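Each residue of the sequence shown is one higher than the last, beginning at 83 in my numbering.
All residues carry an ideal CB built from backbone N, CA and C; glycine is no exception.
Since we're looking at a predicted model, the values are computed, not measured.
What follows is a set of notes on a single structure, which appears directly below.
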Amino acid sequence: MILYNSATRSKDEIKPHTEGKINMYTCGPTVYHFAHIGNLRTYIMEDVLEKFLRYSGYDVKRVMNITDVGHLSSDADTGEDKMLKGAKREHKTVMEIAKFYTDAFFEDCNKLNIKKPDVIEPATNCIPEFIKMVQGLLDKGYAYIAGGNVYFDTSKLKNYYVFNNFDAEDLAVGVRDSVSEDENKRNKTDFVLWFTKSKFEDQELKWDSPWGVGYPGWHIECSAISIKHNGEYLDIHCGGIDNAFPHHTNEIAQSEAYLGHPWCGHWFHVLHLNTSNGKMSKSKGEFLTVSLLEEKGYDPLAYRMFCLQSHYRKAQEFSYEALDNTSAVFNKLIARIAALKNDPSEEINEDAVKKYKDKFKEVLGNDLNTSLAITCLYDVLKADTNDRTKLFLIEDFDRVLSLDLINEAKKYNEKAQSQPESDEDKEIQELVEKRTQARKEKNWAEADRIRDQLKDMGIILEDTPQGVKWHR
Ligand SMILES: [Zn+2]
83 MILYNSATRS
93 KDEIKPHTEG
103 KINMYTCGPT
113 VYHFAHIGNL
123 RTYIMEDVLE
133 KFLRYSGYDV
143 KRVMNITDVG
153 HLSSDADTGE
163 DKMLKGAKRE
173 HKTVMEIAKF
183 YTDAFFEDCN
193 KLNIKKPDVI
203 EPATNCIPEF
213 IKMVQGLLDK
223 GYAYIAGGNV
233 YFDTSKLKNY
243 YVFNNFDAED
253 LAVGVRDSVS
263 EDENKRNKTD
273 FVLWFTKSKF
283 EDQELKWDSP
293 WGVGYPGWHI
303 ECSAISIKHN
313 GEYLDIHCGG
323 IDNAFPHHTN
333 EIAQSEAYLG
343 HPWCGHWFHV
353 LHLNTSNGKM
363 SKSKGEFLTV
373 SLLEEKGYDP
383 LAYRMFCLQS
393 HYRKAQEFSY
403 EALDNTSAVF
413 NKLIARIAAL
423 KNDPSEEINE
433 DAVKKYKDKF
443 KEVLGNDLNT
453 SLAITCLYDV
463 LKADTNDRTK
473 LFLIEDFDRV
483 LSLDLINEAK
493 KYNEKAQSQP
503 ESDEDKEIQE
513 LVEKRTQARK
523 EKNWAEADRI
533 RDQLKDMGII
543 LEDTPQGVKW
553 HR
């Protein structure tokens, strides 16, 4: 598979460290609030990537952290701890907040058919690992203690800015609310590995460490959790573009300094979801969550399809109008699949299966082109082959796309069968029968009058050998 790599700024072949196996790491949510649908776009695209790698035969191990401590309001170590902020807002303890929003996050993922990672690790579970890594960095001279905190010394690195091809705007995101410059830092880009001198006396979660009672910085969490579960070599690191700097940049700095060798070969970043107000955020405009979309009557899977229609490396613009369009497209797609007959006496056409599967693998294998993968579904629907083969292929593609296509089509058919006839349908049927009766009685004038009346209602009649049929 070829996938764009933010670290090399080119589309690179994925080369796992161990043949046939892929270690993947995903930055998980900071569980102080609901995820907005822009956050979830990233998780949807990562999910497609993971499923496509599995579809292609790789043995994938995916690890994700849950940030329940240490992530400050600005990504650059300033401001209040987000978890503490959430707890204060809701008059709960940090751990209560963490539990509530972790559950809410996985509920959203479930609705969007995002598979749970193989390993989910809350940061508060890994304090010994963080301490070990911070100590290792101090021993190797990459870290220093100042004002009670432990800092990473970025001046020790030859190349700190790994992703510096990104727009200034993207790079600025993480540091935009630098309320106060930390005077303990030797260099502006240095970052905190361990806080002991908390700016907030009421920080709830604190642990003993060789440097005093305190808590870890956010960046060290991801490096240590990845190394704990994926070992010293990581194949693909995923995340939203917001995290490229400073978070991922700092992860690379500390991981490679600690390990003494290159750490992760491939960096997968998903671009923003924008609204007409600009980049989606929790504080700006309507707070768009999966639950809100549901309240407004949208199927979460229509939102998944909306994301798949756009390339992950392009910023996507969200509007209700755009989602309405996708919902209509999604419903039509389901209706077309529902019309396919699963006849077990038909033989699956192996040539067609190979042809369409090859195409599907080709488009996703070329930098995860999900919109062309959706086109593959329509190609199958139009294909010159039997319905059973089409259903087989649709089910196969859906292992990656996860739009519940077969299931939704089944539900569609069940609903159509159980739906009682509408009053209008009954009226039409009665008129059709009256007209048939009039024709039998050779009352042509009455038959024509009824035909015209139906025509005014938008109903077309068709005389067939099986009797009269009507459609709108
Ligand atoms: Zn992370």
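Check                                                                                                                                                             : Outcome
Measure the beta-carbon distance from proline 204 to aspartate 264 and round it to whole angstroms, keeping in mind my assumption that it falls under 8 Å.        : That pair is no contact at about 26 Å.
What residue range does the alpha helix (DSSP H) around alanine 404 cover?                                                                                        : 402-420
Which of the three DSSP states, helix, strand or coil, is assigned to histidine 351?                                                                              : strand
Tell me the DSSP secondary structure of glutamine 499 in three-state form.                                                                                        : helix
Can you name the start and end residues of the beta strand (DSSP E) that histidine 319 belongs to?                                                                : 316-322
What three-state label does DSSP hand arginine 91 in the structure shown?                                                                                         : coil
Considering only heavy atoms of ligand 1, does any lie closer than 8 Å to the CB of asparagine 413?                                                               : no
Exposed or buried, proline 210, counting other C-beta atoms within 10 Å across all chains shown (16 or more means buried)?                                        : exposed
Which residues neighbour ligand 3 when neighbourhood means a C-beta less than 5 Å away from any of its non-hydrogen atoms? List them by chain order.              : This structure simply doesn't include ligand 3; it includes ligand 1 instead.
Distance check for methionine 127 and asparagine 195, CA to CA, integer angstroms please.                                                                         : 11 Å
Is the distance from the Cβ of threonine 331 to the Cβ of phenylalanine 212 below 9 Å?                                                                            : no
Within this structure, are the beta carbons of leucine 446 and glutamate 286 separated by less than 9 Å?                                                          : no
Would you say leucine 415 and aspartate 469 are within 9 Å of each other, going by their C-beta atoms?                                                            : no
Starting from the N-terminal side, write out each stretch of the alpha helix (DSSP H) that is 4 residues or longer and does not extend beyond the region 145-193. : 164-172 and 176-193
Tell whether a beta-carbon distance below 9 Å holds between isoleucine 148 and glycine 102.                                                                       : no
So asparagine 104 packs on glutamate 95, CB below 8 Å; how close in whole Å?                                                                                      : Before going on, a small fix: residue 104 reads as isoleucine here, not asparagine. Not a contact, Cβ separation roughly 13 Å.
Quick one: give me the first and last residue of the beta strand (DSSP E) that tryptophan 276 is part of.                                                         : 273-277
Helix or strand or just coil, what does DSSP make of serine 431?                                                                                                  : Note that residue 431 is asparagine in the sequence shown here, rather than serine. Three-state result, asparagine 431: coil.
According to the Cβ coordinates, are threonine 471 and glutamate 444 closer than 9 Å?                                                                             : no
In this structure, what does DSSP give as the bridge partners for alanine 225?                                                                                    : Phe234
Going by DSSP, name the residue or residues bridged to glutamate 203.                                                                                             : Asn147
For aspartate 545, which beta-bridge partners are listed by DSSP?                                                                                                 : Val550
Taking methionine 106 as part of the alpha helix (DSSP H), name the residues at either end of that continuous run.                                                : Element bounds for methionine 106: not the alpha helix (DSSP H) but the beta strand (DSSP E), 103-108.
In terms of residue numbering, what span does the alpha helix (DSSP H) encompassing threonine 471 cover?                                                          : 469-483
Within 10 angstroms of the Cβ of histidine 173, are there 16 or more other Cβ atoms? Answer buried if so, exposed if not.                                         : exposed
Could you give the DSSP three-state label for aspartate 249: helix, strand or coil?                                                                               : At aspartate 249, the pLDDT of 47 sits below 50, so the modelled position is not reliable; the number obtained from the coordinates is stated separately. Note: aspartate 249 maps to coil in three-state DSSP.
Starting from tryptophan 300, trace the alpha helix (DSSP H) both ways and give me its first and last residue.                                                    : 300-312
Is the distance from the Cβ of alanine 527 to the Cβ of arginine 517 below 9 Å?                                                                                   : no
Quick check: what's the CA-CA separation for lysine 240 versus aspartate 272?                                                                                     : 14 Å
On a Cα-Cα basis, can you pick out the residue from Trp552, Ile202, Ser337 and Lys366 that is closest to isoleucine 510?                                          : Trp552
Would threonine 278 pass as a contact of glycine 230 if the rule is Cβ separation under 9 Å?                                                                      : yes
Which residues in the same chain have their Cβ closer than 7 Å to the Cβ of proline 199, if we skip the five residues on either side of it in sequence?           : Thr108, Arg144, Val145 and Met146
Exposed or buried, what is arginine 258 when buried is set at 16 or more other beta-carbons lying within 10 Å of its beta-carbon?                                 : Per-residue confidence for arginine 258 stands at a pLDDT of 39, beneath the threshold of 50, marking its modelled position as unreliable; no derived number is given.
Going by DSSP in three states, threonine 457 sits in which element: helix, strand or coil?                                                                        : helix
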